[in-house]
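Q: Can you keep this structure in mind? I'll have questions shortly.
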Amino acid sequence: GGGYYQGGDGYQSGSVPGPPPQQDPYDSGSAPEGVPPADGGVYNQGGGGGGGVPLGDCICLPFYQCKDGVASVDGGGLLDARKKPPPKQEIPLEGLGSDQQCPGVDQVCCREPSAVTEQPYVASCGIRNDNGINSRILTKEGKGEAEFGEWPWQAAVLKYESEILKFECGGTLIGSRHVLTVAHCVARFTGYDRVPLKVRLGEWDTQSMKEFYQHEDYEVGNIYIHPYFRNSSLWNDIAVLELTRPVNFAPHISPICLPVAQDVYEGHECVVTGWGKNAYRTGKYSNIMKEVTVPVLDNFNCQELLRQTRLGRYFRLHDSFICAGAKDGEDSCKGDGGGPLSCYSQNGRYVLTGLVSWGVDCGTPDVPGVYVRVAKFLDWIAETTRLPLSDFYPKDVGTA
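This is the structure in structure tokens:
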């Protein structure tokens, strides 16, 4: 019974144990969102309708734009709260133009605010947001659901069809311009009739816009299929999607680290994530990202288990695969080919051990799911992205 699948739709899931606490992956000290950098130009050019006049270290500003001798940057006392009128501010009686430095009747000598430049988020690979982002507002409702922003490298590969975006498969963000997915999902988009693809990052609830941060869509510029990919057997089932512009890293959008070739994750518990293609029927989004904890198996034992299925006793598991699952009811099923199998590594980060590829039936005891063994393709990834492998590892951790 059941069907052979190539990572498509549906998830059966269990709970995910939390790893040790993570460090904050983002540089602190960035300005609040929406606050422009105070670069000084606003003030010493007299722009913005404020009428500032530079006089050496003294900037003449209307008295109400000066607070404790320094130009106000937060609009304190000047904003319409849309509920109650702003407080009335009296013109100060002393100090107003007493040294005659400022020409205007209502102007005072004021210092420039210290320049504060908003820093972009600096994403460090493989940092999971253990408790999600703003989870007091957005709480998961069902068994096996991920928190918002918990797995910030999970991507969705979308295609245009009849002027709407439809879900095609999962993907995994590995850098500022590159997403990994499975070749069997995107190979058909590389011919003459190629359909424009997009990658969606930062998605969580596919039916809602209530997330604390919104998702972002990126156009795919190039699709690179592994040269030895075989569609019938799914050997070497890996592809690189190159985006047309760099990703804006954010608390809910950051890459996962690539594995190191000699790392062994067999015997470890890892996590597979995704939505399931049925979430996107008729091109509409419908549910919250799922997560499943699965044990990683060695290939010999996996092959023995798969030989018990209709694949038969002569089936040989190719070395481009790695297996995980085989616990009753907990499997990636037809969930998002190309989605990540994320394993917690010794350096405190998550690494991309596998990509959801295929399986036999779903959630059946002793029938593991099969994933692309990412560690086998490190050289090809470096060659295809034209980037050194060190770009895909933590900056403070060597690749050896």
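In the working numbering, the protein residues as written are 304 to 703. Glycine included, each C-beta is placed from N, C-alpha and C at the ideal position.
I'd like the span of the alpha helix (DSSP H) that includes I711, first residue to last.
A: The requested residue 711 does not occur in the structure, where the chain is confined to residues 304 to 703.
Q: Just to confirm before moving on: does the CB-CB distance between F695 and I477 stay below 8 Å?
A: Yes, Cβ-Cβ distance for F695 and I477 is below 8 Å.
Q: In the DSSP assignment, find the beta strand (DSSP E) that holds F603 and state where it starts and stops.
A: Premise fails: F603 lies in the alpha helix (DSSP H), 602-610, not in any beta strand (DSSP E).
Q: Looking only at DSSP bridge pairs, what is S645 linked to?
A: S645 pairs with V574, L655.
Q: Would you mind giving the Cβ-Cβ distance between C573 and T656, rounded to the nearest angstrom? I have them listed as a contact below 8 Å.
A: Correct: roughly 6 Å between the Cβ atoms.
Q: If we call anything under 8 Å between Cβ atoms a contact, is A542 one with I559?
A: No, they are not a contact pair.
Q: Going by alpha carbons, who is nearest to K630 out of V670, R491, L692?
A: Looking at the Cα atoms, V670 is the closest of the given residues.
Q: Is it right to say I467 is buried, meaning 16 or more other beta carbons lie within 10 angstroms of its own, or is it exposed?
A: Exposed is the call here.
Q: Would you tell me roughly how many angstroms separate the C-alpha atoms of E519 and N590, rounded to the nearest one?
A: Whole-angstrom Cα-Cα distance: 17 Å.
Q: Drop a sphere of 10 angstroms on the beta-carbon of Q368, count the other beta-carbons inside from all chains shown, and report buried for 16 or more, exposed for fewer.
A: Classification for Q368: buried.
Q: Given that a residue counts as buried once 16 or more other Cβ atoms are within 10 Å of its Cβ, and exposed if not, what is W661?
A: Looking at its Cβ environment, which holds 16 or more other Cβ atoms inside 10 Å, W661 is buried.
Q: With H, G and I counted as helix, E and B as strand and the rest as coil, what does DSSP make of P691?
A: Coil at P691, not helix or strand.
Q: At what residues does the beta strand (DSSP E) containing C413 begin and finish?
A: 410-413 is the span of the beta strand (DSSP E), which, as asked, contains C413.
Q: Use the C-beta contact count for K593: other C-beta atoms within 10 angstroms, 16 or more gives buried, fewer gives exposed.
A: Classification of K593: buried, given that the 10 Å Cβ count is 16 or more.
Q: In three-state DSSP terms, what is A458?
A: Strand at A458.
Q: Could you check the C-alpha separation between R414 and C405 for me, to the nearest Å?
A: For R414 and C405, the distance between alpha carbons rounds to 13 Å.
Q: When the Cα of Y647 is compared with those of C472, P562, N534, which residue comes out closest?
A: Closest option to Y647, Cα to Cα, is P562.
Q: Which stretch, first to last residue, makes up the beta strand (DSSP E) that contains A627?
A: Residues 624-628.
Q: Taking the DSSP output, what are the residues bridged to H481?
A: DSSP output for H481 lists E545 as bridge partner(s).
Q: Would you give the residue range spanned by the beta strand (DSSP E) that C256 belongs to?
A: Residue 256 is absent from the model: the chain starts at 304 and stops at 703.
Q: Between P499, L658, E545, which has its C-alpha nearest K469's C-alpha?
A: The candidate whose alpha carbon is nearest that of K469 is P499.
Q: Can you tell me the Cα-Cα spacing of H481 and V597, whole angstroms?
A: Going from the Cα of H481 to the Cα of V597 covers about 26 Å.
Q: When you compare only the Cα positions, how much space is there between W578 and A458?
A: Their Cα atoms are separated by approximately 10 Å.
Q: Under 8 Å between the Cβ atoms of V485 and L658?
A: Yes, they are a contact pair.
Q: Report, in whole angstroms, the separation of the C-beta atoms of V599 and G570, which I expect to be a contact under 8 Å.
A: Yes, V599 and G570 are in contact; Cβ-Cβ is about 7 Å, under 8 Å.
Q: Between the alpha carbons of C605 and F680, how many angstroms are there, rounded?
A: Cα to Cα, the separation comes out at about 20 Å.
Q: For T576, tell me which candidate among P697, K370, G473 has the shortest Cα-Cα distance.
A: For T576, the nearest C-alpha among the options comes from G473.
Q: By how many angstroms is the C-alpha of I526 removed from the C-alpha of R533?
A: So the two alpha carbons sit approximately 16 Å from each other.
Q: Ends of the beta strand (DSSP E) at V563?
A: Where V563 is concerned, there is no enclosing beta strand (DSSP E), given that its DSSP letter is neither H nor E.
Q: Do the CB positions of P697 and W456 come within less than 8 Å of each other?
A: No, these two residues do not count as a Cβ contact at 8 Å.
Q: What is the DSSP secondary structure of V670, counted as helix, strand or coil?
A: Here V670 sits in coil by DSSP.
Q: Relative to the C-alpha of V550, which residue among V502, L537, D540 is closest?
A: Residue V502 is the option with its Cα nearest to V550.
Q: Locate the beta strand (DSSP E) running through V489, then write down its first and last residues.
A: Per DSSP, V489 belongs to no beta strand (DSSP E); it is in the alpha helix (DSSP H), 486-489.
Q: Using only CA atoms, which one of R652, E522, V675 lies nearest to K462?
A: Considering only alpha carbons, the answer is E522.
Q: Give me the Cα-Cα distance between L544 and G524, rounded to the nearest whole angstrom.
A: The straight-line gap from Cα to Cα measures roughly 8 Å.
Q: Tell me, to the nearest whole angstrom, how far the beta carbon of S645 is from that of W454; I am working on the premise that it is less than 8 Å.
A: Right, the Cβ-Cβ distance comes to about 7 Å (below 8 Å), so this counts as a contact.
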